[in-house]
Amino acid sequence: MRPLSTLSILGATCALPWLSFAQTPEQPQPAVPQPAPPAAASTPAPTPATPAATPAAALATTPPAAAPTPTPAPAPEPPPAPAPPPPPDPKVLKQLESLVNQKFSRDPNDVFGALSRMGTTDSSTLDVKEKFLLSFRTGDWASIRKQLAEMPNDLGRRIYDKILADLVERQKPNVKLDDVVGIADAVPGDLTNDEVRRLGQLMGLAVPATESYWLADRVKKGTEKFGGADPAKRLIAGRMLLAGGFKDLAREYLPPLDQVQQIPDEGVRNEIIAFLSTQQETEAAQRAQMQKLWDENLRILSLPKVNEWERSKAASAMAKVITQIPQTTLAPVMRDLLKSNPDGALRLVSGLGVKVQNESRGDVQQRIDNLRVQHTIANLLAADTDLKAQPWNQISQMMADIWMSEAENTFTIKTDDPNKVRGQKFVPPADLLMCMPDGKWSESLPTSTRDRLDVILSKVILTTDNFDDAAQRIVDIGKRNAGAGVALAEDFLNVWAKSHNPQLPENLRRQYELPEDARIPVTPIMMEKNIESLARMMEIFRKAGIAPQDYGKVVSAFDLAYSNAEAYKTSHIAKVFGPIEKMDEPLFFLIVSRMNANLSERWRKMDVQKAGLTRRDEEQTLEMVRAGYTGALKMIDDWMAGHPESSSRALTLAGTLLTDWGDFEYFQELVTGDTRKRMLGYKEKNLQAQDYFQRGAAAYAKEVTKLSPAEYSIDAYLNWFHGLLGIGSGGQLNLSKSMNRAALNRIRESILGLPDKAGKAHMNQFAKVVNARLADEKDPLHEDLKYRYLASALIITKDDPFMLGAEKKVQYFDELLSEIRLQTRVDGPTTVGRDQDFGIIVSVIHTEAMGRVAQFSQYLTNDPGAVLGKPRRKSPLARKMREAQGPRDELELSLTETFSPFFDIKSIIFAAPEVKPRPTAQTGWEETVLAYILVRAKDASVDKIPPVEMELKFVDLTGPVTIPAESAETVIKVDAGNSTPRPTSKIEVTQTLDTRQFHINGALPLEIKATATGLVPDLEQLLDLEALKKDIGIRHINAQDGLQVKELNTWGEQVAPVTERLWTIALNGDPIRSAEGPTEIKLPLAKAKETTVVYQTYDDMNLATLQQPTTTLGPKASDGTTVVAAKPRAPIMSMVIGGGVFLLLLIIGIIIAVTRRGGADKERPLRARDVFKMPGEVDGFSVVALLRKLKASPLVRLREPQQEDLQKDLQRVQQSCFGAGASALSESDLRGIAKKWLDAAC
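In mature numbering (1 follows the signal peptide of the UniProt record, and there is no 0), the protein residues as written are -22 to -1, 1 to 1220.
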C-alpha cells in the first residue's frame, strides 16, 4: 500500500471551480461578468470548452489561467425617448410617501387580518396605500413589483429599502424562500450592494440550515435577479448566500480568487477576496488535522484483526473525516485505496456500515451525519467499482435500506396524529433528500428496491409540502407500477389534506384555551386557491391513470379545502372530480352524503358563519342552505342521466335529502316566520320525499333480477321506513310524526311484490335489521319513538318469524292499553249553539290497578320528579314540532292542536295534580279527570269532537317507553237557532251600584259579578234588565273578559268547572241629575229562583249592602245609604268654594313634593329596580347569576308560588345551557326569562 502522503490530501487546494464559469460547447459563457456601458449592452465573447478536470487536477494548488476579457459590441442606436408620464395626483403621491414611514411587518396577526379582509372587502374601495399594504401582507409580490414600478423612481426605491430594513431587523420576519425570491424580483431597477446584503440576511432568516437542499435547488434554477446560469446573477446569488450564512453553497456561485480580481466594484471584490482567503487558511489547518486522523484510523480499519471497540472508534473518526472533506478531494484517495488494498477498502466500508447500523436509533444529528457519510461512500464506490457485483451489491443494498428506513420513519411521524407521536425524533426531510440514493448508486440497485425507493422518496417529498414535485414523481412511478402510483396518490391526498386542514393543532389550541372545534378561517380566495390546487393534482393523476381509488380520502381532502361555512358548489365538484354524470357510483354517493351531512349540521349554524368571516346574515344563510339542498338534488338528477341502471339508490338518497330538508324548513331558527308557511314547506318536502322513495323502490324492483341473493339490499325500504318515522340521515329525530299506515302498507307491498323468492328474502332481511335495532342496548331507541318504531315495523313485517319477539312486546303494550281508555265528552247536552260557549271534559277511564301503576297525575304537572321512570335527557337531535316544558304543557299543546281547527278555544284548565279517581258505573273501573276545555264552534258545520291523542309513559325491561293513546270521536250538533243554557248550579250574583263619581261627572256604573258551578249563563239569561232599561236607561254593557274558568271541580257529584263572569252596565244618570227630587233605582232581579243575589252600593266612600234591590239617588235622599248630588245654588258661591279647594290642594301638593324631594336627597331607600338590570350580554351564565341574585335578595319580595316558579326557571336554564345532551335555550328565550323576573321583582 502506498504511503498516505502521496495521496495529496495535504497538498489539495480548497478552491472549488466557480460553477458559473464552467463552459460547455453548447452554451459558451463569459469568464468574468462585465458591467454594461451606459449606452450599449456588451456581448460576451465565447471561450473554448475545457476538458473535464481529473481528481489530480482538482487537488492541484496551481490556479487556472484567467479567461480572456470579452470585447464589447458596438452600441446600437438608442430608441427615441418616450413621452414623460403625467405628474402623479398630489393626494395619491402623499399617500405613497407615507409608506416611507410605515412599519412593514408580516406578523401572523397582520397576515390573517389581511387574508380575512381579502375575502370581505371590495378592493376597489381601498386607496393606494391600503392596496400596497394588503399586497405586502398577503405576499402578492407581483402586485408589489407593479406598484413600485409605477411610482417615481426615487420613491419606489426608498419604499423598497424600507421594506428590506424592517424585515431584516426582525428575528422572525415570517417570510419563506418564495417570499424572498418575490421581494428580490420586485426591486425597482437593479439591486444595490446594500440590497443584496439585506436580501441575503433575509434569506438566512427565512431558510433554516436544515432546508438548504431546497435553497440550492431554487438558486440553481435561477430567478429574474439572481442565480441560474448567467454569470452576473450567479455572482449576486453567491453574495446573497454569503450574507445569509450559507458559506458552502456560496462558494459554488462565487468565482475563484484569480477571477475575483476582474470584478470592477472594489467593495464587492474585497468582500469576496476576504471570504475566500480566510476559507483557504482555515481549510489548510483543517486539512493537516484531517490527514492525520485519516492515516491513523484507516490503518486500524485496514488491519485484518482488531477488536470491535477499536474498530467502532476508528469508524467514528473516519466518518467525521469524510463529512469534512469535499468529495472531489476524497475521490482519488478512495480510488487509490480500492486499487492498492481492496480488502482494506472493504473493511473500511463495512466498519462504517456497522457504525451507521448501530446508531440508527441514536441522536438525530448523529444519524444525519451517518447518512451523509454513507452517501459519500456510496457515490465514491459507484465511481470506481461495479456495485452490482459481490460484495459491493450487498453493501449498496444495505445502505439504501438504511436510508429508506429513516425516510419511512420521518414520513410516519410527520403525517401521523401529533398527539400519538409527540416527542419522537426524526431526520428532517431536507437532510434526507440531500443524502438519498442517486446516480450510479441508485442505478445499481435491484428493480424492486428502486421501485420501493421511488415510493418512499415521493413520501419524503410530500412531507416538505412540495406537492408539484411530489406529484410528478408519483406520475413517473405510476408509469412503471400503476398500483404503486395509485397508493402514492392516496398518500398524497392524505398529506395534502393535512397541510390544508384549518383545524388548529392540539398544542396551539390548548395553549390559548380555544374550543375543540376552533378552526383557521378559510376566506373565499383561499378556498378558490385550495380548489385549484386540488383540481390540478387530481387532473394530473387522472391523466396518468393513477387516480386515487380510496374515495373517502378524496372527499375528505375536498371537504378540508372548503371553508367550513360554505356550501359546496357543483362547479367546484366537477372541477375536482370530473363531470358529475360520469362520476363513479361510490364517489358520487360519498360526496352527496357528505353534502347532506354538512347541510344538516354545520352550514346552517350562525356561529360557524361568523367564525368563517362570511358576513352572511340569517336570511342569507337560510338561502344558502336551501340552495345547497337544491344543488344536491340537481346533482342526483344529473348523475342519474348518466347512470340509469343505478337509479334506485339515487332516488332513495333524494328522498332522504327531502325528508331532512322538510325538517329543516320547520325547525330552522335562522329566520322567524309564519308557522303556517313552515308547515307548508315541511309538508311539501315530505310529500316529494314519499314520491322519491316510492320511485326508488320501484326502480330497485327492476334491478333486483340482476342481483344475486348476496347482493340484495334493503336500503330503499329502510330509508323509506326511517323517513316515515322521522329518523333523519344524521340520526336527528322528528318525534312529531305519527304513524302513516297507508305508506307503511305500500312499503310492505313493494317488498312482497319483488319477483320469485326475492320478496321473502328481503322481508326477512328487513325484519332482522329492525329486530336488531330494537334489541340494541348500547344505543336504545328514544322512548318517544320506541313504540311507534315497533308498531310501524310490524305493519310491514306482520307474521314474519324474525319478528315474533317484537309481536309479543306489542301484545304486551296492547294489553296495557286495553285497561286504559282516553275519553272526551261534552259538559251537558251535545247540542250547542253556534255562538255559545260550552265545555269538553277530557278524562281517562281505567282499571283500579292501572290507575295505581300509570300515575295519571304526572300529566297534570311539569315537575320532572313526577314523571314515571327516568326520562332520557333532552338531545338536540330529538325534536318535536311543539316544544313543551313538561307533560302538562305537552298535553295542552296536543289539545290545542286537536281542537283549534274546529273550535275557538277560550281556555284550558287542568285538574289538580292530586286529583282523585272517580268511580264509574262499571265495577273495577275508575275515571281520572284531566282537563276542561272551554270552546265555541267555529261554524255550524262542526259535527264532532275530533280524537285526542295523548302520550302515556310506561317502563318496561328496556327502559321508559311512550305509548300513544287516542280517544274516540264524540258526535255533537251545532244549532244555529236559540241555544239552551248549559247546565249550571250554585249561581251567585253580586250587583254593585257605584255612585262615587256620580256627583262629579254623572257616571253611574252597575257592576254585575256572577259565579257558578258550571258555565255562568249570558246576562240576559241571568237577570231581568227590562225594568232598569225602562226606568233609568242603559247606555252600554261591557262584558269585561268574558266567561272565566277558575277551577275544575272533580270531587262533587258531577265534574264541573267553577266559572265567573263580570259585566259593567253604564246607566244613564242624566235624568236623575235633572230631576227635582230623589229618584228610586230598582236593581235587576234574577230570572231563576235558585240564583243568590247580593245588592251593594256606596255610602260616601264605603261599600254597603242593600236590604232590598232598590236605592234612591238624587238631591233629596231620604235614607243614609244614598249619595245626594247637591244642586248648585249660585255660580259665585261655586267659584269661591272651588277656588278655595283648588288652592288648598295646590299648597298640600307643594308641601308633599318638597318633603319627598328632601327625603330623597337625604336618604331614599334602595329598591330592586336600582340594583337589578338586564345583563349586557345575555347568555346562560349571566341569566343564571341574575336569577340566583333575585332569589336571594331581600329587596325582592315574591309570593310563594312565584318563588317556586323562579326556582323552576333557574333549574331549566341551568339544565338547558349546562346539562349534558340538553337542548340549549336561544338568546331570545333567555332574554324573555330574565325580563319576566325583572318585571316581577322591580
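Beta carbons: idealized from backbone N, C-alpha and C, even for Gly.
Look at the Cβ atom of residue i, then the Cβ atom of residue j, and state whether they are nearer than 7 Å.
i: residue 963; j: residue 907; result: no
i: residue 464; j: residue 518; result: no
i: residue 1045; j: residue 1087; result: no
i: residue 939; j: residue 761; result: yes
i: residue 994; j: residue 1039; result: yes
i: residue 630; j: residue 694; result: yes
i: residue 823; j: residue 801; result: yes
i: residue 678; j: residue 626; result: yes
i: residue 422; j: residue 366; result: yes
i: residue 313; j: residue 362; result: yes
i: residue 174; j: residue 217; result: yes
i: residue 1164; j: residue 1188; result: no
i: residue 141; j: residue 82; result: yes
Which same chain residues end up closer than 8 Å to residue i when comparing Cβ atoms and leaving out the 5 residues on each side of it in sequence?
i: residue 227; result: 190, 193, 194, 197 and 219
i: residue 575; result: 707 and 708
i: residue 1013; result: 1044, 1045 and 1046
i: residue 1152; result: 1209, 1212, 1213 and 1216
Give the straight-line distance between the Cα atoms of residue i and residue j, rounded to the nearest whole angstrom.
i: residue 1182; j: residue 505; result: 54 Å
i: residue 293; j: residue 540; result: 53 Å
i: residue 716; j: residue 944; result: 12 Å
i: residue 558; j: residue 532; result: 15 Å
i: residue 1104; j: residue 1080; result: Caution applies to residue 1104, whose pLDDT of 33 falls short of 50 and renders its modelled position unreliable; the model cannot decide the point.
i: residue 103; j: residue 130; result: 23 Å
i: residue 353; j: residue 437; result: 20 Å
i: residue 1218; j: residue 1169; result: 12 Å
i: residue 737; j: residue 771; result: 16 Å
i: residue 330; j: residue 535; result: 44 Å
i: residue 137; j: residue 75; result: 8 Å
i: residue 1207; j: residue 865; result: 20 Å
i: residue 120; j: residue 163; result: 9 Å
i: residue 1137; j: residue 1175; result: The predicted model places residue 1137 with a pLDDT of 45, which falls under 50 and marks its position as unreliable, so this point remains unresolved.
i: residue 79; j: residue 468; result: 50 Å
i: residue 614; j: residue 930; result: 42 Å
i: residue 987; j: residue 1064; result: 13 Å
i: residue 460; j: residue 568; result: 24 Å
Can you find a CB in chain C that lies within less than 7 Å of the CB of residue i?
i: residue 813; result: Looking for chain C here will not work: only one protein chain is present.
Going by DSSP, what residues sit across from residue i in a beta bridge?
i: residue 700; result: In the DSSP output, where bridge partners are listed per residue, residue 700 has none listed.
i: residue 942; result: 929
i: residue 801; result: 821
i: residue 816; result: 913
i: residue 857; result: 712
i: residue 906; result: 822
i: residue 358; result: The partner list for residue 358 (beta bridge, DSSP) is empty, contrary to what the question assumes.
i: residue 692; result: Partner(s): none; residue 692 has no beta bridge.
Quick one: residues in its chain with C-beta nearer than 6 Å to the C-beta of residue i, no 5 flanking neighbours on either side, listed in chain order?
i: residue 546; result: 573
i: residue 33; result: Caution applies to residue 33, whose pLDDT of 31 falls short of 50 and renders its modelled position unreliable; the model cannot decide the point.
i: residue 19; result: Unreliable positioning characterises residue 19 in this predicted model, as indicated by a pLDDT of 36, which lies under 50. A coordinate reading is not provided.
i: residue 208; result: none
Looking only at its own chain, which residues have a Cβ that is under 7 Å from the Cβ of residue i, when we skip the five neighbours before and after it?
i: residue 1226; result: Look at the range of the chain in this structure, -22 to 1220, and you will see that residue 1226 is not part of it.
i: residue 747; result: 692 and 696
i: residue 974; result: 1076 and 1079
i: residue 402; result: 391
i: residue 448; result: 436, 439, 440 and 470
(message) Report the start-end ranges of each alpha helix (DSSP H) in the region 1017 to 1081 that is 4 residues or longer and not cut off at the edges.
(response) Runs of the alpha helix (DSSP H) lying entirely within the region 1017 to 1081 and spanning at least 4 residues, in chain order: 1048 to 1052.
(message) At 4 residues or longer, what runs of the alpha helix (DSSP H) sit wholly inside the region 570 to 650?
(response) Counting whole runs of 4 or more residues, the region 570 to 650 contains the alpha helix (DSSP H) stretches 584 to 589, 596 to 620 and 625 to 645.
(message) Just to confirm the assignment: which complete beta strand (DSSP E) runs, minimum length 3, are found wholly within the region 699 to 786?
(response) The qualifying runs do not exist here; there are none.
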